[in-house]
Amino acid sequence: MQELIHDTLKNFFGFKNFKGNQEKAINSIVSGKDTFVIMPTGGGKSLCYQLPALILDGVAIIISPLIALMKNQVDSMRSYSKNENIAHFYNSTLNESQKKNVKQNVLNGTTKLLFIAPETMNKDSNINFLKKCNISFFAIDEAHCISEWGHDFRPEYRKLKSLIEQVGRQPIIALTATATQKVQNDIAKNLSIENSKILISSFNRSNLFYEVRTNTNAEKEIIKFIRGQGNKSGIIYCLSRKKAEEIAELLNINQIKSAPYHAGLEKSVRMKTQDDFLLENIDVVVATIAFGMGIDKPDVRYVIHYNLPKSLENYYQETGRAGRDGGEGNCILFHDPKDVEKFQKFNNKKNPKEKEISKQLLDEMVNFIVSKNCRRAELLKYFGEDFIIKDCLQKCDNCKSKNYEKTNEVNLNKFDPKLFNLLKKIRKEISEAIKVPPFIIFQDTSLEDMAINYPISNEELENIIGVGRGKAEKYGQKFIEFIKSYVEENKIEKVLDCTIKSKAKKNDLKIFIIQSTDLRISFEDIMLQKKIDMDQLISEFENIVQSGTKLNINYHINDILDDQQQDEIYHYFIYEATNDSIKEAMEYFDFDYNEEEMRLMRIKVFSDLAN
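Be aware that the sequence shown starts at 20, since it is given in my numbering, and climbs by one per residue.
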């Protein structure tokens, strides 16, 4: 069985190794044991039921709360296989003919995963259908919805135990990204899986940067921040529908492609916004808490809370939308005392039991905001996990301001950024043609690996991270042909073994600088790594932007110049200057700014406007 499990991981999903507790969870459910998996967003929860479903006899019933989430999961499974019927969802969006087709595929054994909502399952006709099925196990995704103490309590989830018993009890695997001890106990008791195999992964999302800011001029700060992100994807959470619409409108006025999302919008509008976000037609979704759980987008690079979340569990879950692919993720929370007052007034209208729960959740959230301790340590403590503050590595505002010991190690993959961007375009074209999100085809991590190893055959492509045999055969041809042409045109010396990392040549320093600034590595650390001084570094910046590549150095400029200073220098280069002379610029401002400041601002202007 172990050999079959590992073969399926490699040949179907395209991965060589499991992450965290994935293998333990899979072994547990495959051996017929009830299993309880608590694994943070990005940890690979889905694989814990996807892989067992493929190798066990029968169909796995996946209970999921949202239609959009089901669709993304089904699309994802189909992307790995030539069998389009390998996974189906069964919900109200299907017509009678489609429902009949799904049932036939399930009953004849073609379908290995069937996604269904609790509300759909709670119908006599569907109970009767499921009784006829050869069910391998039940997977309860987003299991925190069971608990009243959870951040997204859904009453229909508490009926699942009874529904499963009506259908016929089979092993259960419950999965969630967030659950305090109280929520864990509630879930286990409600499902009668107190004796299950419990697998708790670390809640630490080491790739996320946590920051709390006072809401003095949040709109301006948000626009300034997003402009520094290029076209990266992000989510902004607001407390009210009105505010979500206002912020979205403000962003669009400022040439930032965005759309609002809340329960008050027509379903068709919400679906379009969701699809536009997944397909990268818009960069930002401004939403109430109605948005998020149904989004399986791995490359969200920032999550901004314009208002206070109602609990730390909400905050953890919502910030967890960022960096699910393991890449960077910025989490900014704007704090306004008025938000606390609004929650208090709202909570006072609740019944005594709900009021007690809400007060405790709000107090915990406020304590987190005002704390001067490491944000990561405080967040993990809430989930009962110990954390050594030094290990935060300045990945939160409090630790950064305390200037903990810096690490001189910069861990960067030297992938070819030009090829990476070209591969993204090919991926976008294919995704538009077949109407699935780009990441369903290949995730960014796969494209980065291609831009390191230059695979030019199906066999080599299968060795790329996240590309199994099915994906290579289904989507690989265009990528292989393009990479082969690219390698020949650019005279790239390709390493024969695709699993060995290729080394960058003459443009090594340029690639290093672009990647370092994308990751907001301090200028001091870049200079230390490459043994160059500030003048040499700025000269490299100038060469990069003049060659047509965008460069994000806003994080450094923001530390040396305030908004007004930046605005007046920016205005000068755009409207007043007759050329890009630094000497003339310094004379224009009566030498109020030094040469370094003027050169950096000129780079910013070139990057924003000329590229």
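Here a beta-carbon is modelled for each residue, glycine too, at the ideal position from N, C-alpha and C. Please read these numbers as outputs of a predicted model, since none were measured by experiment.
Between residue i and residue j, is the Cβ-Cβ spacing less than 8 Å?
i           : j           : result
residue 220 : residue 39  : yes
residue 404 : residue 608 : no
residue 295 : residue 278 : yes
residue 499 : residue 472 : no
residue 481 : residue 63  : no
residue 348 : residue 303 : no
residue 325 : residue 272 : no
residue 323 : residue 351 : yes
residue 626 : residue 570 : yes
residue 401 : residue 331 : yes
residue 614 : residue 622 : no
residue 592 : residue 564 : no
residue 87  : residue 293 : yes
residue 84  : residue 22  : no
residue 275 : residue 245 : yes
Who are the near neighbours of residue i in its chain, counting only those whose CB is closer than 7 Å to its CB and skipping five residues on each side?
i           : result
residue 212 : 53, 55, 191 and 193
residue 97  : 103, 105 and 106
residue 439 : 466, 467 and 470
residue 151 : 126
residue 517 : With a pLDDT of 35 at residue 517, under the threshold of 50, the modelled position of this residue cannot be trusted; read the value that follows with caution. Closer than 7 Å at Cβ, skipping near neighbours: 472, 474, 479 and 482.
residue 137 : 82, 175, 176, 178 and 179
residue 443 : 466
residue 72  : 79, 131, 132 and 155
residue 289 : 280
residue 511 : 473
List the endpoints of the continuous alpha helix (DSSP H) containing residue i.
i           : result
residue 348 : First-last for residue 348: 348-354, but that is the beta strand (DSSP E), not the alpha helix (DSSP H).
residue 457 : 457-460
residue 31  : Element bounds for residue 31: n/a, residue is neither H nor E.
residue 246 : 237-246
residue 601 : 601-607
residue 207 : 200-210
residue 181 : 179-186
residue 271 : 260-272
residue 480 : 477-481
residue 620 : 614-624
residue 172 : Neither: residue 172 is in no alpha helix (DSSP H) and is coded neither H nor E.
residue 285 : Here residue 285 belongs to no alpha helix (DSSP H), and DSSP marks it neither H nor E.
residue 298 : From DSSP, residue 298 is part of no alpha helix (DSSP H); its letter is neither H nor E.
residue 546 : 542-549
Sorted by chain position, which residues of the same chain lie with C-beta nearer than 6 Å to residue i's C-beta, five sequence neighbours on each side aside?
i           : result
residue 411 : 393, 395 and 418
residue 573 : 247
residue 619 : 576
residue 449 : 460
residue 159 : 82 and 193
residue 458 : 317
residue 519 : Residue placement at residue 519 cannot be trusted, given a pLDDT of 27 that sits under 50; the coordinates are not used to answer.
residue 229 : 350, 394 and 415
Where does the unbroken beta strand (DSSP E) through residue i begin, and where does it stop?
i           : result
residue 134 : 132-135
residue 486 : Segment: none, residue 486 is in no beta strand (DSSP E) and carries neither H nor E.
residue 580 : Note, residue 580: premise wrong, no beta strand (DSSP E); not H, not E.
residue 596 : Where residue 596 is concerned, there is no enclosing beta strand (DSSP E), given that its DSSP letter is neither H nor E.
residue 191 : 191-195
residue 306 : 303-306
residue 465 : It is not in any beta strand (DSSP E) - residue 465 instead sits in the alpha helix (DSSP H) that spans 463-472.
residue 230 : 227-233
residue 218 : 216-219
residue 254 : 252-256
residue 277 : 277-280
Residues in the same chain with beta-carbon distance under 8 Å from residue i, minus the five sequence neighbours each way, listed in chain order, please.
i           : result
residue 354 : 231, 232, 233, 234, 327 and 388
residue 146 : 140, 182, 185 and 186
residue 611 : none
residue 431 : Summary for residue 431: the model assigns pLDDT 38, below 50, so the residue's position carries little reliability; its value from the coordinates is reported in the next sentence. The residues are 531, 534, 535 and 538.
residue 492 : 101 and 477
residue 214 : 53
Rounded to the nearest angstrom, how far is the Cβ of residue i from that of residue j, given a contact under 8 Å?
i           : j           : result
residue 206 : residue 198 : 7 Å
residue 317 : residue 462 : 6 Å
residue 335 : residue 258 : Not confirmed; about 18 Å, so no contact.
residue 92  : residue 67  : Residue 92 to residue 67, Cβ: 13 Å. No contact.
residue 501 : residue 445 : 6 Å
residue 135 : residue 110 : 7 Å
residue 367 : residue 381 : With a Cβ gap of about 11 Å, residue 367 and residue 381 do not count as contacting.
May I ask whether a heavy atom of the ligand FMN can be found less than 7 Å away from the beta carbon of residue i?
i           : result
residue 498 : Here there are no bound small molecules, and the ligand FMN is not part of this structure.
Every unbroken alpha helix (DSSP H) within the stretch 373-455, with a cutoff of 4 residues, ordered by chain: 394-401, 416-420 and 436-453
Of all the alpha helix (DSSP H) runs that stay within the bounds of the stretch 96-154, which reach a length of 4 or more residues? 115-126, 137-140 and 143-151
What are the uninterrupted segments assigned as beta strand (DSSP E) that are 3 or more residues long and contained completely in the stretch 36-101, given in chain order? 54-57 and 78-82
Entirely enclosed alpha helix (DSSP H) segments - the stretch 322-347, minimum 4 residues: 331-338
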